[in-house]
Amino acid sequence: MSQATTEKREFQTEVKQLLHLMVHSLYSNKEIFLRELISNASDASDKLSFLALNDDGLYEGDGELNIRIDFDKKKKTLTLIDKGIGMSKDEVVSNLGTIAKSGTAEFLKNMSGDQKKDARLIGQFGVGFYSAFIVADRVEVFTRKAGTPVEQGVYWSSEGAGEFDLGDIERPTRGTEIVLHLKKGEEEFLDEWRLKNLVRKYSDHISIPVMMEVEDHSAKYDDEGKEKENHKPVFKLEQINSATALWTRNKSDIKDEEYQEFYKHISHDFADAMTWSHNRVEGKLDYTSLLFLPAKAPFDMWNRDQQRGLKLYVQRVFIMDDAEQFLPTYLRFIKGVVDSNDLSLNVSREILQSNKTVDALKTALTKRVLDMLEKMAKKKPEDYQKFWDEFGQVLKEGPAEDFTNKEKVAGLMRFASTHTGEATQNVSLADYIGRMKEGQKDIYYVAADSHNTAAGSPHLEVFRKKGIEVLLLSDRIDEWLMGHLSEFDGKHLKDVGKGQLDLGDLEDEEEKKKHEETDKAFESLTSQIAKELEEDVKEVRTTHRLTDSPACLVVGEYDMGAQMRKIMEAAGQKVPDAKPILEINPEHPLVQRLNNETNDDRTKELIAVIYEQARLAGGDGLKDPAAYVKRINKLLMELN
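If you read the sequence shown in the UniProt record's numbering, its first letter stands for residue 1, the second for the next number, and so on.
This is the structure we're talking about:
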C-alpha cells in the first residue's frame, strides 16, 4: 500500500467542539469506542451487501464479509478492518471532517459542563467514529470505495485537534482500515481477553463475523497433555462473536442485556431503552419486528424533517437505514428493526411510498407500538409517566395524523388538571371521566400560554365553586390538538374559554331563572360597555362563569383561540380578524359600582380598567400599560 503526499485541512468548527467535549465527558465510559467502530464497520458491510444485489462486481471477487480486529503491543496500536463499501475522498472529508447533522449548533449550546449530563447528551447525539479519540491520540484511516480503481484509495490522519491530513493512496482491497495509536495508560485495549469480552458484551449480535488473531493455547501441549519445551506462541484467526442477527433468535433465548446492547447498536444511544417489543408474525404478513422505546428524547426530536425510521431488512438482508414509511411521524422516537419476507430485495424508497405490503406493515407496527405503550401505562405507570414527560408533546401530534387510532392515542395522553393541583401532566381522559359529576356531559379544559396562567384563569371560577374538574392545557401544541380531538369515549371536549357557557344538568332551574333575570337587569350597562369598547370587543354580556373576578374575555365558539393566534402570529402567518367577547360578573362590587356610576368620565375609566384586567387575567398584554397604571392610581387615590 503506497502513501502519497498529504495535504492538511481544518476540521469543521463543530467537530473541534465535539471532540473536546467528548474526550472530557466520556472518559469514564471509554470502552464504548469499540462498539461504535464495530457498528460503523457492520453498517458499511450491510450497505455493500445491499448494493451488490444489483451489481455483484462490487465484491471484487471476495464476497466473504467480516470485521477484523488486530492489536500490536509494541507499537501500541489497535486496528479495525472491514471489507464493506468503503469511502471515496469526498466521502472521507464529509464523514470525518464535518458533522452533517441539523441542529448541531443547538446541541453544542446545550452542553453544560456537567460531565454526567453531557455524556448522556453526547450519547443522544451519536458520536460514531469520533469516539476513537477517547482512547487514541492519533487515528489513521485507509479506505477505498468498492468498485473504484486501486489507485483511488484515500488516507486520512488526525490527532483530534484542529486539523487532519488527507492524501491519495493505492489500496488493493476495498473497505476501511482504522488504526488507533493508543494514549498512554490505555494499554488495557491491547489485551486479547479484554477485547474478546468487549466484543461479546457490546457486539455479539452483529450479524457479520468479528474476527481476531488469538493465541492457540492448545499448541502449548503435546499429545500427552504436557507443556512443550521451548514453545513459541501459535496464533489462529478466530470468530469472537456469535454473528447471528438478534431479532431472528427466539425471545426466550435472549437476555435483557443483549436486547439493551442491540438497542445501543442501532440507536447509538448510551442509555438503556425503557422497554421493547419483539414479535414474529406469520400469516397474511410474514415479518419480524424489534421495536425499542428510548428512555430520553433526542435533542433534535422536534425537527420533523430529521432522518428517522426503522432499519429495514428483507429476508435478513439489510436494505436501508431510516425507513420512515413503517411508522407515522408522531411515533418518530421509536427505534428498531423490521425484517420482511414479503418485500422484494430490490425495494427502494420510491417503491416503499406506494406499496400495499408497506401500508399493511405500517398499520401493524403502529398498533404494536400503541399496545406497548398501553401495557406500560397499565402495568408500570411510573415508567409511563417518565415516557410522557419525554415524548408526550410528540404523541399529541397523533390525533391529527392518525384518524384510525385517534381514540387509542387520546387514551394514552396525560394532562394537568384542577383535580391534582400540580403542573405535572398525569391525568388521563379515562381518569377524568371516572371522576365526572352526575349530570356532567362534557370534558372541560382551558388552554393558556403557561400552566400558571391556565390554573389562574377566571374561566375556572364557577367550576371550582361546583367542584367540577377542568384540564389545564399549556403546551404550545394543545389548542391545535383539541382542534382534532373533539371527543373521547362519547364525551365532547369543551373549551371553557370559548362560547356561551352551558353547564346543562349541572345547574338547577332556580339558577337558570336567576341568570335570565340578571341579564335583563344589566342590559343597559352591557350596551354602554359595548359602545365604549366597540373597537376592541365583538359583544358584551353578563356571565355566571365568574365568582371572584369582575370580567373575563371569551373567544367565539368557532373562532381561533388566543394560544393558537399567538403561535401563528409568531410564525408570521396571517391570522383571521376576530374580536373577543367581554363577559362581566354582575355580582362583583366593581361591576355593581359601574352600574350605579353617574359620572361619565369615571364610567369610562372603570370600563377601561375592567377590560384591561380581563386581558391581563387571560394572559394577554396591554396596548398601553402606562395608561392602565395611571387609571389604577387615579382610582386608588379616590378611595382616600
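Built from N, CA and C at the ideal position, the CB exists for glycine as well.
Using alpha carbons as the reference points, say which of the options lies closest to residue i.
i: residue 693; options: VAL281, SER94 and PHE292; result: As displayed, the chain neither begins before 1 nor continues past 640, which places residue 693 out of reach and without an answer.
i: ALA44; options: ALA448, GLN393 and LEU80; result: LEU80
i: residue 685; options: GLN440, PHE488 and VAL496; result: Any property of residue 685 remains undetermined from this structure, which presents the chain solely from 1 to 640.
i: ASP168; options: LYS184, PHE129, PHE333 and VAL141; result: VAL141
i: ASP216; options: ALA273, ARG464, ILE254 and TRP193; result: TRP193
i: LEU180; options: ARG435, ALA132 and ILE581; result: ALA132
i: MET274; options: SER289, ARG280, ASP256 and GLU282; result: ASP256
i: SER242; options: ASP204, SER289 and THR248; result: ASP204
i: ALA570; options: ALA364, ARG476, THR148 and VAL317; result: ARG476
i: PRO399; options: TRP302, LEU635, LEU481 and GLU587; result: LEU481
i: LEU501; options: LYS466, ARG545 and ASN40; result: ARG545
i: TRP247; options: TYR330, GLY497, TYR259 and MET376; result: TYR259
i: LEU37; options: GLY63, LEU78 and ALA52; result: LEU78
i: ALA377; options: PHE403, VAL409, PHE463 and ASP402; result: VAL409
i: LYS634; options: TYR611, ASP601 and LEU616; result: ASP601
i: ALA447; options: GLU324, PRO298, GLY483 and VAL540; result: GLY483
i: VAL358; options: LEU582, GLN385, GLN325 and TYR628; result: GLN325
i: VAL317; options: VAL150, GLU534 and LEU53; result: LEU53
i: PRO328; options: ASP300, ARG593 and LYS406; result: LYS406
i: ASP72; options: ASN596, GLU461, LEU195 and ARG565; result: LEU195
i: VAL462; options: PHE235, ASN197, LEU65 and GLU511; result: GLU511
i: SER39; options: THR6, ASP82, ASP55 and ASP70; result: ASP82
i: ALA41; options: VAL92, ILE208 and LYS538; result: ILE208
Quick check: what's the CA-CA separation for residue i versus residue j?
i: ALA551; j: GLY499; result: 15 Å
i: GLY411; j: MET212; result: 52 Å
i: PRO172; j: LYS30; result: 33 Å
i: GLU532; j: MET413; result: 44 Å
i: ARG138; j: GLY86; result: 21 Å
i: GLY126; j: GLN307; result: Confidence at GLY126 is low in this model, with a pLDDT of 48, below 50, so its placement is unreliable and the value that follows should be read with caution. If you take the alpha carbons of GLY126 and GLN307, they lie about 13 Å apart.
i: GLU422; j: GLY175; result: 57 Å
i: ASP342; j: SER49; result: 19 Å
i: LEU485; j: VAL554; result: 21 Å
i: ARG368; j: TYR287; result: 13 Å
i: LYS183; j: VAL135; result: 6 Å
i: GLU605; j: GLN393; result: 43 Å
i: LEU345; j: VAL338; result: 14 Å
i: ASP322; j: GLY309; result: 4 Å
i: LYS75; j: ASN250; result: 43 Å
i: LEU237; j: VAL214; result: 6 Å
i: THR244; j: GLU60; result: 25 Å
i: GLY63; j: GLN239; result: 17 Å
i: MET568; j: ASP559; result: 14 Å
i: GLY147; j: ARG280; result: 37 Å
i: LEU370; j: ASP402; result: 12 Å
Output needed for residue i: all residues of its chain with C-beta closer than 7 Å, excluding positions within five of it in sequence on either side, in chain order.
i: SER450; result: SER474
i: ALA100; result: Note on ALA100: pLDDT 43, under 50, position unreliable in the model; the coordinate value appears next. Correct list, in chain order: SER94.
i: PRO631; result: Position check: residue 631 holds Arg in this sequence, whereas Pro was assumed. Cβ within range, chain order: GLU605, ALA608 and VAL609.
i: SER102; result: Here the model assigns SER102 a pLDDT of 42, short of 50, so the residue's position is not dependable and the matter cannot be decided.
Ignore the nearest five residues each way along the sequence and tell me which others in residue i's own chain have a CB closer than 6 Å to its CB.
i: PHE415; result: GLN425, VAL427 and LEU471
i: MET372; result: SER277
i: SER267; result: LYS335
i: GLN315; result: ASN341
i: TRP388; result: ARG414
i: GLU261; result: TYR202
i: ASP519; result: THR542
i: ALA454; result: VAL446, ALA448, LEU472 and SER474
i: GLU517; result: none
Excluding the 5 residues flanking residue i on each side, which residues of the same chain have their C-beta closer than 8 Å to its C-beta?
i: SER417; result: VAL427, TYR432, GLU469, VAL470, LEU471 and LEU472
i: MET320; result: PHE50, LYS311, LEU312 and ARG349
i: GLU163; result: LYS8, ARG9, GLU10 and PHE11
i: LYS284; result: ALA360
i: GLY561; result: ALA447, GLU479, ASP495, GLY497, LYS498 and VAL555
i: LYS466; result: LYS437, LEU503 and LEU506
Relative to the ligand SAM, is the shortest distance from any of its heavy atoms to the C-beta of residue i smaller than 7 Å?
i: PHE235; result: In the structure on display, the ligand SAM does not appear, and there are no ligands present to speak of.
Let me see if you follow: with CB-CB separation under 8 Å, is residue i close to chain C or not?
i: GLY556; result: The displayed structure is made up of one protein chain only, and chain C is not part of it.
Pair every Cβ in the stretch 477–495 with every Cβ in the stretch 433–448, then say whether three or more of these pairs are closer than 8 Å. yes
Which ranges does the beta strand (DSSP E) cover as unbroken runs of at least 3 residues, wholly within the stretch 418–489, from first to last along the chain? 442–447 and 471–473
Would the stretch 424–432 and the stretch 350–370 be scored as touching if the rule is three or more Cβ pairs under 8 Å? no
Are the stretch 184–196 and the stretch 41–59 touching by the rule of at least three beta carbon pairs closer than 8 Å? Judged by Cβ distances under 8 Å, the stretch 184–196 makes no contact with the stretch 41–59, as fewer than three pairs qualify.
Threshold first: 4 residues or longer. Then list the alpha helix (DSSP H) segments lying entirely within the stretch 530–573, N to C. 562–570
List in chain order: all unbroken alpha helix (DSSP H) runs of 4+ residues lying wholly within the stretch 376–418. 381–395, 398–401 and 406–412
Could I get the ranges of all uninterrupted beta strand (DSSP E) runs contained in the stretch 205–287, with 3 residues as the minimum, in chain order? Annotation note: the stretch 205–287 contains the following uninterrupted beta strand (DSSP E) runs of length 3 or greater, listed N- to C-terminal: 210–215, 235–239 and 273–281.
Which parts of the UniProt domain "Histidine kinase/HSP90-like ATPase" (29–186) are runs of the alpha helix (DSSP H), unbroken and 4 residues or longer, counting only runs that do not cross its ends? 32–51, 89–97, 104–109 and 115–125
For the structure I just gave you, are there three or more beta carbon pairs, one from the stretch 569–579 and one from the stretch 609–622, closer than 8 Å? no
Which parts of the stretch 284–355 are runs of the alpha helix (DSSP H), unbroken and 4 residues or longer, counting only runs that do not cross its ends? 349–353
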